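Trainee: Pasting a structure below so you can have a look.
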Amino acid sequence: MAVVLVTGGTGLVGQALKHVIDTEPEGSKYGKLKGETWIFASSADGDLRDPAQTLAMYEKYKPTHVIHLAALVGGLFKNMKYKLTFLRENILINDNVLHASHTQKTTKLISCLSTCVFPDAVTYPLDETKIHSGPPHESNFGYAHAKRMVDVQNHAYKEEFGCNFTSAIPTNIFGPHDNYDLEDAHVIPALVHKCYLAKQNGTPFIVSGTGKPLRQFIFSRDLAKLFVWMLRDYDDVEPIILSVGEDEEVSIKQVTDAIVKAVGFKGEYSFDTTRADGQFRKPASNKKLLERLGPNSGFQFTPFEEALDISVKWFIENYDTARTGMKKKA
Ligand SMILES: NC(=O)c1ccc[n+]([C@@H]2O[C@H](COP(=O)([O-])OP(=O)(O)OC[C@H]3O[C@@H](n4cnc5c(N)ncnc54)[C@H](OP(=O)(O)O)[C@@H]3O)[C@@H](O)[C@H]2O)c1
Numbered sequence: 028m029a030v031v032l033v034t035g036g037t038g039l040v041g042q043a044l045k046h047v048i049d050t051e052p053e054g055s056k057y058g059k060l061k062g063e064t065w066i067f068a069s070s071a072d073g074d075l076r077d078p079a080q081t082l083a084m085y086e087k088y089k090p091t092h093v094i095h096l097a098a099l100v101g102g103l104f105k106n107m108k109y110k111l112t113f114l115r116e117n118i119l120i121n122d123n124v125l126h127a128s129h130t131q132k133t134t135k136l137i138s139c140l141s142t143c144v145f146p147d148a149v150t151y152p153l154d155e156t157k158i159h160s161g162p163p164h165e166s167n168f169g170y171a172h173a174k175r176m177v178d179v180q181n182h183a184y185k186e187e188f189g190c191n192f193t194s195a196i197p198t199n200i201f202g203p204h205d206n207y208d209l210e211d212a213h214v215i216p217a218l219v220h221k222c223y224l225a226k227q228n229g230t231p232f233i234v235s236g237t238g239k240p241l242r243q244f245i246f247s248r249d250l251a252k253l254f255v256w257m258l259r260d261y262d263d264v265e266p267i268i269l270s271v272g273e274d275e276e277v278s279i280k281q282v283t284d285a286i287v288k289a290v291g292f293k294g295e296y297s298f299d300t301t302r303a304d305g306q307f308r309k310p311a312s313n314k315k316l317l318e319r320l321g322p323n324s325g326f327q328f329t330p331f332e333e334a335l336d337i338s339v340k341w342f343i344e345n346y347d348t349a350r351t352g353m354k355k356k357a
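The sequence shown begins at 28 in this note's numbering and counts up one residue at a time.
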């Protein structure tokens with residue numbers, strides 16, 4: 028019987044996969060197959076930095092398939108401050124998971140990279156052929172190199188042992204169960220949290236930068252469906268970018284307007300243009316994804332505002348248990 032183990036099962040993407048598996052009808056395109064078991068593991072099930080605990084997890088669940096999402100993930104500040112920690116912990120986690128998948132004869136492993144792994148100096152749009160063609164941006168040097176190694180290892184495991192290992196490259200992800208910690212969150216959850224607090228406290232909502240940069244965001248539940256598609260239909264060692272199209276880039280201003288609307292914030296909001304913007308755009312191509320899905324896949328990305336609305340509602344309803352960074356300060 029098939030057992031699908033999701034590492035990082037308690038995180039943003041892991042919980043989106045759980046939602047899809049729990050809500051899509053059994054036997055449907057993105058649903059679980061009859062008799063298939065899904066395990067959503069957290070670090071409490073085993074610390075994947077440790078080879079013995081990783082092996083014990085595999086011996087316990089005997090996964091036939093693994094979707095490997097567990098990682099040390101963080102925003103810009105944390106990545107810059109803890110480069111070695113990001114490098115070493117992610118290398119350990121990934122090496123242990125890949126090795127256990129090989130020794131325990133997992134039939135398929137999908138790991139998760141990120142568009143952060145791409146070179147800093149690169150021609151746009153990003154595509155799957157450009158991962159190793161130059162050094163990554165120095166701000167996420169550790170994280171990016173650890174993630175790149177997964178692709179290197181996937182090829183080596185395939186060549187030496189014939190393993191069916193591959194990887195996905197998502198763009199910026201958002202959704203329920205995101206990390207909303209004000210000091211360490213990605214742009215959407217950080218702005219949602221700030222806007223929510225401004226509404227609660229009757230204070231102005233100030234957004235860093237000009238609002239002009241453009242980004243491609245993918246809703247975690249759309250990404251989850253694409254992981255299920257990869258599990259069923261994508262058997263190629265080469266990575267694949269999972270993203271909305273380049274024509275669906277949104278500006279930080281559009282993101283902010285949508286957040287203001289979803290939160291119901293009626294106060295003043297402005298941009299602090301003295302703060303740095305970051306790169307203006309870093310578009311990634313989803314051409315390969317669309318080709319592989321095929322013209323009749325029927326797959327549709329959730330419209331941005333609808334997805335944002337779902338995420339904001341989840342955040343407000345789960346404020347006490349969401350990762351807000353508030354509990355650790357209390
Ligand atoms: N978020 C983004 O915008 C983004 C963009 C591109 C790619 N990605 C990639 O997508 C994947 C999922 O990211 P996410 O945003 O869902 O992350 P997340 O919300 O921060 O969740 C991280 C998950 O990893 C687990 N984990 C961390 N360290 C572990 C360890 N030592 N042993 C076992 N489990 C451990 C956590 O378990 P606990 O809950 O027990 O701590 C949690 O389930 C990652 O590989 C990330 O690099 C994320």
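We put the CB at the ideal spot given by N, CA and C, even for glycine.
None of these values were measured; they are calculated from a predicted model.
1) Mind the definition here: the stretch 290-307 touches the stretch 227-234 only if three or more C-beta pairs lie below 8 Å; say whether that holds.
2) Which residue comes first and which comes last in the alpha helix (DSSP H) that contains ASP260?
3) Tell me which residue opens and which closes the alpha helix (DSSP H) that PHE326 is part of.
4) For the candidate residues LEU241, ASP249 and ILE279, whose alpha-carbon lies nearest to that of LYS309?
5) Could you please give the first and the last residue of the uninterrupted alpha helix (DSSP H) stretch that includes TYR207?
6) Under DSSP, the beta strand (DSSP E) around CYS139 begins and ends at which residues?
7) Are the beta-carbon atoms belonging to PHE246 and PHE201 less than 8 Å from one another?
8) Tell me where the alpha helix (DSSP H) around PRO197 begins and ends.
9) In three-state DSSP terms, what is ASP122?
10) Taking all protein chains shown into account, do 16 or more other C-beta atoms lie within 10 angstroms of the C-beta of THR156, making it buried, or fewer, making it exposed?
11) Counting along the chain, where does the alpha helix (DSSP H) carrying SER338 start and finish?
12) Leaving aside the five residues before and after THR329 along the sequence, list all residues of the same chain whose C-beta is less than 6 Å from its C-beta, in chain order.
13) Give the C-beta separation of ALA195 and LEU153 to the nearest angstrom, bearing in mind that I take them to be a contact with Cβ-Cβ under 8 Å.
14) Quick test of the definition: if touching needs 3 or more C-beta pairs under 8 Å, does the stretch 255-264 touch the stretch 122-138?
15) Does DSSP put HIS172 in a helix, in a strand, or in coil?
16) Classify MET257 as buried or exposed, calling it buried when 16 or more other Cβ atoms lie within 10 Å of its own Cβ.
17) Cβ-heavy atom distance between ILE120 and ligand 1 below 7 Å?
18) LEU75 and VAL40 - do their beta-carbons sit closer together than 8 Å?
19) Quick one: give me the first and last residue of the alpha helix (DSSP H) that THR283 is part of.
20) Distance check for GLU53 and LEU224, CA to CA, integer angstroms please.
21) When the Cβ atoms of the stretch 89-106 are set against those of the stretch 163-171, are three or more pairs found closer than 8 Å?
22) What are the boundary residues of the alpha helix (DSSP H) that ASP299 is part of?
23) Could you spell out the range, first to last residue, of the beta strand (DSSP E) harbouring VAL100?
24) Compute the distance between the beta-carbons of ASN313 and SER270, then report whether it is under 8 Å.
25) Could you pull out every residue in the same chain whose Cβ sits closer than 7 Å to the Cβ of SER69, ignoring the five residues on either side in sequence?
26) If distances are taken between C-alpha atoms only, which option among ASP274, ILE215 and LYS226 comes closest to LYS280?
27) If you drop the 5 nearest sequence neighbours on each side, which residues of the same chain put their C-beta closer than 8 Å to that of LYS355?
28) Can you tell me the Cα-Cα spacing of ALA97 and GLY73, whole angstroms?
29) So, at 7 Å on beta carbons, what are the nonlocal neighbours of ARG350 in its own chain, with the 5 sequence-adjacent residues on each side left out?
Mentor: In short:
1) yes
2) 247-260
3) Counting along the chain, PHE326 falls outside any alpha helix (DSSP H), and DSSP gives it neither H nor E.
4) LEU241
5) Premise fails: TYR207 is in no alpha helix (DSSP H) and is neither H nor E.
6) 135-139
7) yes
8) No alpha helix (DSSP H) holds PRO197; the beta strand (DSSP E) holding it covers 192-197.
9) helix
10) exposed
11) 331-344
12) PHE246 and ASP249
13) With a Cβ gap of about 14 Å, ALA195 and LEU153 do not count as contacting.
14) yes
15) helix
16) buried
17) yes
18) no
19) 279-290
20) 40 Å
21) yes
22) No alpha helix (DSSP H) holds ASP299; the beta strand (DSSP E) holding it covers 296-299.
23) Run containing VAL100: none; DSSP gives neither H nor E here.
24) yes
25) GLY36 and THR37
26) ILE215
27) Unreliable placement is indicated for LYS355, whose pLDDT of 48 sits below 50; the coordinate value is still reported in the next sentence. Once the five neighbours on either side are set aside, LYS355 has no close Cβ partner at all.
28) 11 Å
29) ASN206, TYR207 and ASP208
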